[in-house]
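Asks: This is the structure I have questions about; it appears just below.
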Amino acid sequence: MTFRRRQLLQAGSLGALGLSLPAVLRSEQRRDSSSRRRAKSCILFFMEGGPSQIDLWDMKPSAPQNVRGPYRPIATSLPGMQLCEHLPLLARQMHHLSVVRSVSHTFVDHNASSYFMLTGQAPLRGSQLIRGSSPSNAPPYGSVLAKLQPTERALPDYVHLPKRMFNCGHFIPGVLAGFLGDTFDPFIAGDPSQSDYRVPGLDKQMGEERFGRRRSLLGLLDRGLDEPRPPRSVTRKDVFYEKAFSLITASEARDAFRLDKESEAVRARYGMRRSVAGVRGGGLPHLGQCLLLARRLVERGVRLVSVWAGGQAFDGHKQHYKSLTDGLCPPVDRGLSALIGDLEDRGMLQDTLVACLSEFGRTPKLGQVTSSAGATSDGRDHWPHCFTALFAGGGIKAGYVHGRSDRLAAYPVADRVTPQDVAATIYTALGVDPRQRIHDQFQRPQTLAEGEPIAALFA
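Following this note's numbering, the numbering of the sequence shown begins with 17 at its first residue and continues without gaps.
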């Protein structure tokens with residue numbers, strides 16, 4: 017009796033044999049030979065919740081008290097550029113960064129705005145906001161890179177840390193591969209700051225011997241194919257099945273996730289804060305070690321690692337300054353400054369694009385209400401009309417400020433940048449033509465990004 021492998025896959029038979037990991041990693045191998053890659057990899061830090069531009073990166077010390085807030089600006093290593101007083105370590109690294117102070121759109125919903133910033137596609141399906149994951153969604157940057165620029169290494173091309181985030185009844189979109197299919201979903205690697213951290217799916221319960229038996233069984237199934245020339249994506253020598261096998265068996269792949277291979281000094285440099293008070297205060301106890309793991313992964317060839325703040329950490333509707341001072345600024349300051357400095361010290365910064373994004377910023381005025389969540393007198397509501405993005409490495413100009421906001425950091429007055437432009441900039445830095453078309457599940461061509469790359473960042 018012969019079997020069609022496609023039928024077995026459709027029936028879920030291989031999944032029953034413990035082969036779900038290869039299915040997740042398998043893809044159609046395709047390279048874009050017409051694009052010249054500038055950066056080899058990308059680390060995307062997504063500051064979920066929406067950090068305040070006016071309190072952190074675009075301070076207005078001459079604005080009224082109910083606009084400027086209590087924080088003072090400090091000088092940085094970039095002459096003329098000031099930063100929040102609670103980011104002193106990052107201030108020393110600003111000569112490596114470009115600051116874009118004029119990102120702007122019009123959506124106040126967390127989920128929809130996240131999707132916009134992480135895909136470069138408007139968060140609308142007809143007249144409905146895209147607020148959750150869907151097979152019809154546009155793919156995020158990591159999925160596109162996994163599709164267009166796959167590697168032959170054992171590690172996944174796209175890794176997400178620490179986990180998928182949930183908000184208002186939906187997993188926030190802009191993480192999964194959408195219409196590219198779950199083959200290009202990220203490998204979700206968990207929280208490496210946990211003392212008992214184990215990479216999901218790579219523990220000894222699926223050891224080499226057990227996985228090898230399943231691999232042999234797959235070979236038997238393949239020999240039963242009644243198709244004389246099976247499609248390339250389902251041939252016995254499927255390199256993406258081999259990648260899945262290597263991810264479990266290759267010491268190089270396993271070692272990539274082992275932070276205990278780093279010195280205590282390096283781990284401390286990134287931050288190892290896991291205080292209960294930090295968590296309750298909306299802190300980011302995982303951030304430093306996630307950024308360190310991201311560095312280890314791109315060092316070993318992973319195309320894109322996304323690191324999320326998580327838990328709507330920057331969503332400062334109330335007790336805004338307490339959260340920033342106690343729980344948010346310290347780990348961001350330590351972790352992000354360590355990442356930039358470490359990449360530079362290792363000679364990796366020019367090959368690694370670091371992009372720090374958020375779905376939007378915060379209202380110019382304290383207590384100003386723009387969403388159903390509102391804001392107390394010590395809080396700031398959602399504000400998509402003007403906010404800040406940070407870039408470093410990957411061929412991006414260092415020590416540069418792009419765009420300018422008005423006196424309240426409320427609206428751009430020069431060089432407005434859209435999420436489509438952000439997407440085009442990221443793709444360009446990674447050697448992908450943003451005007452390139454990929455096909456959705458209905459084989460309809462879709463342009464990666466309709467915006468324009470920020471030319472000044474590449475000058």
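We put the CB at the ideal spot given by N, CA and C, even for glycine. Note that this is a predicted model, so its numbers are computed, not measured.
If you run the structure through DSSP and keep just helix, strand and coil, what is residue 30?
Replies: Along the sequence shown, read from residue 1 onward, the residue named residue 30 stands at position 14. Annotation note: pLDDT 36 at residue 30 (below 50); position unreliable, coordinate value reported separately. Helix at residue 30.
Asks: Please determine, among 83, 78, 107, the residue with the shortest C-alpha to C-alpha distance to residue 90.
Replies: Your numbering for residue 90 matches position 74 in the sequence shown. Minimum Cα distance to residue 90 is reached at 107.
Asks: Rounded C-beta distance between residue 114 and residue 402? I'm assuming under 8 Å.
Replies: Here the question's residue 114 lines up with position 98 in the sequence shown. Here the question's residue 402 lines up with position 386 in the sequence shown. Rounded, the Cβ-Cβ distance is 17 Å, inconsistent with contact.
Asks: With DSSP as the reference, please indicate the residues paired to residue 428 in a beta bridge.
Replies: Position 412 of the sequence shown, counted from the first residue, corresponds to residue 428. Beta-bridge pairing links residue 428 to 421.
Asks: Assuming residue 465 and residue 136 make a contact with CB atoms under 8 Å, what is their CB distance in whole Å?
Replies: Numbered from 1 along the sequence shown, position 449 holds the residue referred to as residue 465. Numbered from 1 along the sequence shown, position 120 holds the residue referred to as residue 136. Going by Cβ atoms, the distance from residue 465 to residue 136 rounds to 4 Å, so yes, they are a contact pair.
Asks: Suppose you measure from the CA of residue 430 to the CA of residue 151; what does that come to, to the nearest Å?
Replies: Here residue 430 is taken as the residue at index 414 of the sequence shown, counted from 1. Here residue 151 is taken as the residue at index 135 of the sequence shown, counted from 1. Their Cα atoms are separated by approximately 37 Å.
Asks: How big is the Cα-Cα spacing for residue 162 and residue 315?
Replies: Here residue 162 refers to the residue found at position 146 when the sequence shown is read from its first residue. Here residue 315 refers to the residue found at position 299 when the sequence shown is read from its first residue. About 17 Å.
Asks: Identify whether residue 380 lies in helix, strand or coil by the three-state DSSP scheme.
Replies: Along the sequence shown, read from residue 1 onward, the residue named residue 380 stands at position 364. Residue 380 falls in the coil class under three-state DSSP.
Asks: Does the stretch 181 to 189 come close enough to the stretch 304 to 323 to have 3 or more Cβ pairs within less than 8 Å?
Replies: Short answer: they don't touch.
Asks: Looking only at its chain, what residues have a beta carbon closer than 8 Å to the beta carbon of residue 395, apart from the 5 residues adjacent to it on each side?
Replies: Along the sequence shown, read from residue 1 onward, the residue named residue 395 stands at position 379. The residues are 332, 333, 334, 335, 336, 382, 383.
Asks: In this structure, how does DSSP classify residue 153 when only helix, strand and coil are distinguished?
Replies: On the sequence shown, residue 153 is found 137 positions in, with the first residue counted as 1. Of the three classes helix, strand and coil, the one that applies to residue 153 here is coil, per DSSP.
Asks: Quick one: is residue 353 buried, meaning 16 or more other Cβ sit within 10 Å of its Cβ, or exposed?
Replies: Your numbering for residue 353 matches position 337 in the sequence shown. So residue 353 ends up on the buried side.
Asks: Can you tell me which of the three DSSP states residue 213 falls into?
Replies: The sequence position of residue 213 within the sequence shown is 197, counting from 1. Residue 213 falls in the coil class under three-state DSSP.
Asks: Going by C-alpha distance, which of 205, 207, 176, 206 is nearest residue 192?
Replies: Locating residue 192 in the sequence shown gives position 176, counting from the first residue. Of 205, 207, 176, 206, the residue nearest in Cα terms is 176.
Asks: If you count every other CB in all the chains shown that lies within 10 Å of the CB of residue 81, and 16 or more means buried, which is it?
Replies: Numbered from 1 along the sequence shown, position 65 holds the residue referred to as residue 81. Label assigned to residue 81: exposed.
Asks: Report, in whole angstroms, the separation of the C-beta atoms of residue 428 and residue 129, which I expect to be a contact under 8 Å.
Replies: The count along the sequence shown starts at 1 and reaches residue 428 at position 412. The count along the sequence shown starts at 1 and reaches residue 129 at position 113. The pair is not a contact, with the Cβ atoms about 17 Å apart (cut-off 8 Å).
Asks: Helix, strand or coil: how does DSSP classify residue 461 here?
Replies: Position 445 of the sequence shown holds residue 461. Note: residue 461 maps to strand in three-state DSSP.
Asks: Output needed for residue 357: all residues of its chain with C-beta closer than 7 Å, excluding positions within five of it in sequence on either side, in chain order.
Replies: Within the sequence shown, the letter at position 341 stands for residue 357. Same-chain partners within the cutoff: 109.
Asks: What's the gap between the Cα of residue 310 and the Cα of residue 73?
Replies: Taking the first residue of the sequence shown as 1, we reach residue 310 at position 294. Taking the first residue of the sequence shown as 1, we reach residue 73 at position 57. Roughly 24 Å separates the two Cα atoms.
Asks: According to DSSP, simplified to helix, strand and coil, what is residue 100?
Replies: Position 84 of the sequence shown, counted from the start, is the residue given in the question as residue 100. If DSSP states are grouped into helix, strand and coil, residue 100 belongs with the strands.
Asks: The beta strand (DSSP E) spanning residue 404 covers which residue range?
Replies: Counted from its first residue, the sequence shown places residue 404 at position 388. Residues 403 to 408.
Asks: How many whole angstroms separate the CB atoms of residue 209 and residue 305, which I take to be in contact at a CB cut-off of 8 Å?
Replies: As a working mapping, residue 209 is identified with position 193 in the sequence shown. As a working mapping, residue 305 is identified with position 289 in the sequence shown. Confirmed, about 4 Å.
Asks: Using alpha carbons as the reference points, say which of 88, 96, 178, 101 lies closest to residue 327.
Replies: Counted from its first residue, the sequence shown places residue 327 at position 311. With distances taken between Cα atoms, residue 327 lies closest to 178.
Asks: Starting from the Cα of residue 157, find the closest Cα among 454, 470, 364, 279 and give me that residue.
Replies: Numbered from its first residue, the sequence shown carries residue 157 at position 141. If we check each option's Cα against that of residue 157, 454 comes out closest.
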